[in-house]
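From first to last, the protein sequence lines stand for chains A and B.
Be aware that the first sequence starts at 83, since it is given in the numbering used here, and climbs by one per residue.
Be aware that the second sequence starts at 5, since it is given in the numbering used here, and climbs by one per residue.
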Amino acid sequence: MTGHIATFSDLRENQDLSCDVCIIGSGAGGSVLAAQLAARGLNVIVLEEGGHYGRADFDGDEAKAYSSLYRARGTFATADLTMTILQGRTVGGSTTVNWTSCFRTPDSILSRWRSQHGSVLSTEQLAPHWEAVEKRLGVQEWPEKLANPNNKVLYDGARSLGWKVNPLRRNVVGCMNTGYCGLGCPVDGKQGMAITYLRDAVSTGVRVFANTRVHKLRRQGNRVTSVEAQVLDPRTERPSGVEIRVQPKLVVSSAGAVGSSALLLRSDINPNGQAGKRLWMHPVVGLPALYPHKIEGYYGAPQASSCHEFIERGPGKMGWFLETPPMQPMLIASATKGVGEELESFMERLPNMGCVIAILRDGLLEEEEGATLTLRRDGRIRVDYAWTDAHNEAFRAASIAIARVSLAAGALEIHSGHIEPIVVRKEADLELFEQAAWGPHQHGIFTAHQMGGCAMGNDPETSVVGPSLRHHHVDNLFVVDGSVFPSSLGVNPSLSIYGLAHWASEGIADAV
Amino acid sequence: MLALGGVGLSMRQTRMFTPQVPLQVLSEREYSILSSVAETILPGTQGYPSARKVQIAERIDAALFACDDGVQSEFKQVLALLESAVAGFVLAGRSAPFSRLSAAERWKVLDSWRSARVRLFRTAFKAIHGLVTASYYSAPQVHKRIGYPGVPEWVTAVRLAGVGANPPPSDPTPPSAEVTP
Numbered sequence: 083m084t085g086h087i088a089t090f091s092d093l094r095e096n097q098d099l100s101c102d103v104c105i106i107g108s109g110a111g112g113s114v115l116a117a118q119l120a121a122r123g124l125n126v127i128v129l130e131e132g133g134h135y136g137r138a139d140f141d142g143d144e145a146k147a148y149s150s151l152y153r154a155r156g157t158f159a160t161a162d163l164t165m166t167i168l169q170g171r172t173v174g175g176s177t178t179v180n181w182t183s184c185f186r187t188p189d190s191i192l193s194r195w196r197s198q199h200g201s202v203l204s205t206e207q208l209a210p211h212w213e214a215v216e217k218r219l220g221v222q223e224w225p226e227k228l229a230n231p232n233n234k235v236l237y238d239g240a241r242s243l244g245w246k247v248n249p250l251r252r253n254v255v256g257c258m259n260t261g262y263c264g265l266g267c268p269v270d271g272k273q274g275m276a277i278t279y280l281r282d283a284v285s286t287g288v289r290v291f292a293n294t295r296v297h298k299l300r301r302q303g304n305r306v307t308s309v310e311a312q313v314l315d316p317r318t319e320r321p322s323g324v325e326i327r328v329q330p331k332l333v334v335s336s337a338g339a340v341g342s343s344a345l346l347l348r349s350d351i352n353p354n355g356q357a358g359k360r361l362w363m364h365p366v367v368g369l370p371a372l373y374p375h376k377i378e379g380y381y382g383a384p385q386a387s388s389c390h391e392f393i394e395r396g397p398g399k400m401g402w403f404l405e406t407p408p409m410q411p412m413l414i415a416s417a418t419k420g421v422g423e424e425l426e427s428f429m430e431r432l433p434n435m436g437c438v439i440a441i442l443r444d445g446l447l448e449e450e451e452g453a454t455l456t457l458r459r460d461g462r463i464r465v466d467y468a469w470t471d472a473h474n475e476a477f478r479a480a481s482i483a484i485a486r487v488s489l490a491a492g493a494l495e496i497h498s499g500h501i502e503p504i505v506v507r508k509e510a511d512l513e514l515f516e517q518a519a520w521g522p523h524q525h526g527i528f529t530a531h532q533m534g535g536c537a538m539g540n541d542p543e544t545s546v547v548g549p550s551l552r553h554h555h556v557d558n559l560f561v562v563d564g565s566v567f568p569s570s571l572g573v574n575p576s577l578s579i580y581g582l583a584h585w586a587s588e589g590i591a592d593a594v
Numbered sequence: 005m006l007a008l009g010g011v012g013l014s015m016r017q018t019r020m021f022t023p024q025v026p027l028q029v030l031s032e033r034e035y036s037i038l039s040s041v042a043e044t045i046l047p048g049t050q051g052y053p054s055a056r057k058v059q060i061a062e063r064i065d066a067a068l069f070a071c072d073d074g075v076q077s078e079f080k081q082v083l084a085l086l087e088s089a090v091a092g093f094v095l096a097g098r099s100a101p102f103s104r105l106s107a108a109e110r111w112k113v114l115d116s117w118r119s120a121r122v123r124l125f126r127t128a129f130k131a132i133h134g135l136v137t138a139s140y141y142s143a144p145q146v147h148k149r150i151g152y153p154g155v156p157e158w159v160t161a162v163r164l165a166g167v168g169a170n171p172p173p174s175d176p177t178p179p180s181a182e183v184t185p
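1. Quick check on residue 440 of chain A: does DSSP put it in helix, strand or coil?
2. In the DSSP assignment, find the unbroken beta strand (DSSP E) run with residue 321 of chain A in it and report its ends.
3. When the cut-off is 8 Å and only beta carbons count, does residue 55 of chain B lie next to chain A?
4. Taking residue 259 of chain A as the reference, which of B:155, B:144 and B:150 has the closest Cα?
5. Note down the Cα distance separating residue 431 of chain A from residue 534 of chain A, rounded to an integer number of angstroms.
6. Considering Cα atoms alone, identify which of A:249, A:136 and A:235 is closest to residue 184 of chain A.
7. What is the residue span of the beta strand (DSSP E) that residue 369 of chain A lies within?
8. Buried or exposed: where does residue 350 of chain A fall if 16 or more other Cβ atoms within 10 Å of its Cβ makes it buried?
9. Use the C-beta contact count for residue 217 of chain A: other C-beta atoms within 10 angstroms, 16 or more gives buried, fewer gives exposed.
10. Would you decide whether residue 575 of chain A is buried or exposed? Buried here means 16 or more other CB atoms lie within 10 Å of its CB.
11. Kindly identify the DSSP beta-bridge partner or partners of residue 284 of chain A.
12. If you reduce the DSSP assignment to three classes, tell me which class residue 22 of chain B lands in.
13. Output the distance between the C-alpha atoms of residue 198 of chain B and residue 186 of chain A, rounded to the nearest integer angstrom.
14. Of all Cβ atoms in chain B, is any one closer than 8 Å to the Cβ of residue 433 of chain A?
15. Could you check which residue in A:98, A:466 and A:445 has the C-alpha nearest to that of residue 455 of chain A?
16. Considering just the uninterrupted stretch of the beta strand (DSSP E) at residue 311 of chain A, what are its terminal residues?
17. What residue from B:86, B:125 and B:121 has the CA that sits closest to residue 109 of chain B's CA?
18. Taking DSSP as the reference, what is the three-state secondary structure of residue 97 of chain A?
19. So, helix, strand or coil for residue 249 of chain A, using DSSP?
20. Is DSSP giving residue 34 of chain B helix, strand or coil here?
21. Please work out which residues of its chain come closer than 6 Å, Cβ to Cβ, to residue 139 of chain B, disregarding the five sequence neighbours upstream and downstream, and give them in chain order.
22. So residue 173 of chain A and residue 206 of chain A are supposed to be a Cβ contact under 8 Å. How far apart are they, rounded?
23. With C-beta atoms as the reference, is residue 411 of chain A less than 8 Å away from residue 152 of chain B?
24. CA-CA distance, residue 269 of chain A and residue 563 of chain A?
25. Determine which residues share a DSSP beta bridge with residue 596 of chain A and list them.
26. I want to verify the contact list: residues of chain B whose CB lies under 9 Å from the CB of residue 390 of chain A, in sequence order.
27. Does DSSP classify residue 59 of chain B as helix, strand or coil?
28. Nearest-angstrom Cα distance between residue 545 of chain A and residue 119 of chain A?
29. Rounding to the nearest angstrom, what Cα-Cα distance links residue 297 of chain A and residue 158 of chain B in this structure?
30. What residues in its chain sit with their C-beta under 8 Å from that of residue 133 of chain B, if we drop five residues either side in the sequence?
31. Check the Cβ of residue 215 of chain A against every Cβ in chain B and list those closer than 8 Å, keeping chain order.
32. Please list, in chain order, the chain B residues whose beta carbon lies closer than 8 Å to that of residue 369 of chain A.
33. Could you please give the first and the last residue of the uninterrupted beta strand (DSSP E) stretch that includes residue 238 of chain A?
34. On the criterion of 16 or more Cβ atoms from any shown chain inside 10 Å, does residue 43 of chain B qualify as buried, or is it exposed?
35. Of all the options B:30, B:123 and B:113, which has the alpha carbon lying nearest to the alpha carbon of residue 79 of chain B?
36. Nearest CA to the CA of residue 3 of chain B: which residue from B:39, B:48, B:26 and B:18?
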């Protein structure tokens, strides 16, 4: 039996469907789960809010890619706009636009989840699942000799400071080092969900509905009876009037930290008030630096190296790790607050510009609340992030580290993202960074990793799903995505979500 | 405060521009205010193309088309507040609409929003700045000026040829895990 991926143009009439398992979202969680459940002979339907795009569409046009492949057309942010939220919203979810970095969940994080939240996940238990996923997705180390000049900055700079820097593992097969991961891989080198697990799922009979937004899970007692969805016209992103209703035996929300939290709130499934609380964002600060030689960071695998020297910084301090972003012009320009001739002079140096980013590991300190997701009166999603002094301290320390790495790699100037950028040209200038105010409203911050909001745990009062990822209060509802993480990870999250879904598929198949 | 913007719009004349393509979301007046804003943030000096030439306001209008109603109306409110002479007078002592000010005066207004103590203004600046700079720097005419060569021809050729390491949908056999750049 072969399934299909139906899109807006195929969906002209209302449909009433039934199946064993209805999965909401086709990203890292939903696609792996769909393939695994279908392989066990289950009848699976996947509903995806975003459109279906592939290499024919991935032409490297930033404006087009951000508006078609990202949530809110790339403009999603916290309510006060202090943090831009980059999240994929397309068939394949964020795996279609991520930068391919793969890490297994750190053992220290898993053990923390076990001791503090009653999670049952361990390195031993997840290992076979990671191995299976890594094999399917071609996850392997990206050799240093293939690193682009922006990653060489991180390699060389970190090493000359005596900091450990490692090649990243990436889910690519036949990667041509184009540099366009974030805009959809133009050569299908990236092994995103749309061309791997979701493709496997479809060939095993799974029916996928793209441009189909689930607005509500309807309940009777402690069971979901139907999944109510509206078909969206991709030209307007508004409901076309066509409705899809699915009556499954079991429902899995795999809509991501933002999507799953919002779905539970829209469906009024929030008996203990924990849905949408404690989202973790891995807040990112990035500092562009200018070099005497060409960097051309818009070409070549954007993320190929990482430095975790400062992930454990001692009690009370927030850890962070260093990586690199792609350097296409729209992303770089919109990350500045520059205007006029100052912005013109800055941007014309793009070919000689490098950038190192620091990713903050949030959610591990006592005082943190992270982000809270709520619904506005008109139904739109609102995200507010509770910043702490520890964030500001980490932003400062990380920015100084980035400047030191860049200087050590030969940078002429490092620019902060403040309204009046602070420019560091030599070691002595770092004092300027020490003195400056860092944090929200001071400089640009973004997130590409959203986690939490439907935390797993064994206490039904303080968590949303149990250790098996079944909802505490709704028997036939599971959540399988990064939203179940009780904290952030301190590593890029995609492989943690793939592995989690692969592991959870066994229990979910048994629960049908 | 947003109500002041509405009042101001009706009282003074906005400097009008003519859109190059039919508008989908913004009125001609809102389009004109946005054009004045774009021209201020992106003056088009040093050999850069002008914001008008790159059709920034037209591009933003098109981008807003598929945004939520709430996002559209908030963006329109920000434009109205910025243009409002009444709000401008109350807040900064100016008596003309934003679009009627000189380039230097317009810049002073935007800069005051950029570093305002009141968060509403900083947030509004950020929203406008993000849309304007993103639209401008994603335009091929601008890429030429900043030395970004764009997508290499060989990438496009490979993309369109459809050759790659992955099996077609009819063959779900996992690909071999070899890095072959």
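Beta carbons: idealized from backbone N, C-alpha and C, even for Gly.
With the given structure in hand:
1. Along the first sequence, read from residue 1 onward, the residue named residue 440 of chain A stands at position 358. In the structure shown, residue 440 of chain A falls within a strand segment according to DSSP collapsed to helix, strand and coil.
2. Indexing the first sequence from 1 puts residue 321 of chain A at position 239. For residue 321 of chain A, the enclosing beta strand (DSSP E) stretches over residues 320 to 335.
3. As a working mapping, residue 55 of chain B is identified with position 51 in the second sequence. Interface residue (Cβ-Cβ distance to chain A less than 8 Å): residue 55 of chain B is not classified as such.
4. Residue 259 of chain A sits at position 177 when you count from the first residue of the first sequence. Of B:155, B:144 and B:150, the residue nearest in Cα terms is B:155.
5. Position 349 of the first sequence, counted from the start, is the residue given in the question as residue 431 of chain A. Position 452 of the first sequence, counted from the start, is the residue given in the question as residue 534 of chain A. So the two alpha carbons sit approximately 38 Å from each other.
6. The residue labelled residue 184 of chain A in the question sits at position 102 within the first sequence. Considering only alpha carbons, the answer is A:249.
7. Here residue 369 of chain A refers to the residue found at position 287 when the first sequence is read from its first residue. Membership of residue 369 of chain A in the beta strand (DSSP E) is indicated by the continuous run 366 to 372.
8. Working through the first sequence from its first residue, we reach residue 350 of chain A at position 268. When all chains shown are included, residue 350 of chain A counts as exposed.
9. By 1-based counting over the first sequence, the position of residue 217 of chain A is 135. Residue 217 of chain A should be labelled exposed.
10. For this step, residue 575 of chain A is matched to residue 493 along the first sequence. So residue 575 of chain A counts as buried.
11. Sequence index remark: in the first sequence, residue 284 of chain A carries index 202 (1-based). Paired residue(s): none; residue 284 of chain A is not in a bridge.
12. As a first step, residue 22 of chain B must be located in the second sequence, where it is residue number 18. Coil at residue 22 of chain B, not helix or strand.
13. Outside the shown range of chain B, which is 5 to 185, sits residue 198 of chain B, and nothing can be said about it.
14. Within the first sequence, the letter at position 351 stands for residue 433 of chain A. With 8 Å as the cut-off, residue 433 of chain A counts as an interface residue toward chain B.
15. By 1-based counting over the first sequence, the position of residue 455 of chain A is 373. When each option's Cα is compared against that of residue 455 of chain A, the closest is A:466.
16. Counting from 1 along the first sequence, the entry for residue 311 of chain A is found at position 229. Per DSSP, residue 311 of chain A belongs to the beta strand (DSSP E) from 305 to 315.
17. By 1-based counting over the second sequence, the position of residue 109 of chain B is 105. Minimum Cα distance to residue 109 of chain B is reached at B:86.
18. Along the first sequence, read from residue 1 onward, the residue named residue 97 of chain A stands at position 15. Strand, per DSSP.
19. Here residue 249 of chain A refers to the residue found at position 167 of the first sequence. If DSSP states are grouped into helix, strand and coil, residue 249 of chain A belongs with the strands.
20. Here residue 34 of chain B refers to the residue found at position 30 when the second sequence is read from its first residue. Three-state result, residue 34 of chain B: helix.
21. Translated into the one-based positions of the second sequence, residue 139 of chain B becomes position 135. Within the same chain, residue 139 of chain B has close Cβ partners 60, 63 and 64.
22. Walking along the first sequence from the start, residue 173 of chain A turns up at place 91. Walking along the first sequence from the start, residue 206 of chain A turns up at place 124. Contact between residue 173 of chain A and residue 206 of chain A fails: their C-beta atoms lie close to 34 Å from each other, not under 8 Å.
23. On the first sequence, residue 411 of chain A is found 329 positions in, with the first residue counted as 1. On the second sequence, residue 152 of chain B is found 148 positions in, with the first residue counted as 1. Between residue 411 of chain A and residue 152 of chain B, the gap from beta carbon to beta carbon is short of 8 Å.
24. To locate residue 269 of chain A, count along the first sequence from 1; it is residue 187. To locate residue 563 of chain A, count along the first sequence from 1; it is residue 481. Whole-angstrom Cα-Cα distance: 27 Å.
25. Any answer about residue 596 of chain A is impossible in this case: the structure gives chain A only from 83 up to 594.
26. As a position in the first sequence, residue 390 of chain A is number 308, starting the count at 1. Neighbours of residue 390 of chain A on chain B: none; closest Cβ ~23 Å, over 9 Å.
27. For the purposes of this step, residue 59 of chain B is identified with residue 55 of the second sequence, where counting begins at 1. Three-state DSSP puts residue 59 of chain B in coil, outside helix and strand.
28. As a working note, residue 545 of chain A is residue 463 in the first sequence. As a working note, residue 119 of chain A is residue 37 in the first sequence. Going by the C-alpha atoms only, they are around 26 Å apart.
29. Position 215 of the first sequence, counted from the start, is the residue given in the question as residue 297 of chain A. Position 154 of the second sequence, counted from the start, is the residue given in the question as residue 158 of chain B. Between residue 297 of chain A and residue 158 of chain B, the C-alpha separation is close to 43 Å.
30. Within the second sequence, the letter at position 129 stands for residue 133 of chain B. So the qualifying residues of the chain are 45 and 118.
31. One-based indexing of the first sequence puts residue 215 of chain A at position 133. Within chain B, no residue has its CB atom less than 8 Å from the CB of residue 215 of chain A, the nearest being about 11 Å off.
32. Position 287 of the first sequence holds residue 369 of chain A. Within 8 Å Cβ-Cβ: nothing; residue 369 of chain A doesn't reach chain B, min ~18 Å.
33. Numbered from its first residue, the first sequence carries residue 238 of chain A at position 156. Unbroken run through residue 238 of chain A is the alpha helix (DSSP H), 231 to 242; no beta strand (DSSP E).
34. For the purposes of this step, residue 43 of chain B is taken as residue 39 along the second sequence, with counting starting at 1. In this structure residue 43 of chain B is buried. Its beta-carbon is surrounded by 16 or more other beta-carbon atoms within 10 angstroms.
35. Against the second sequence, residue 79 of chain B aligns to sequence position 75. Proximity to residue 79 of chain B across B:30, B:123 and B:113 peaks at B:30, based on C-alpha coordinates.
36. Nothing can be reported for residue 3 of chain B: it is not among the residues displayed for chain B, which extend from 5 to 185.
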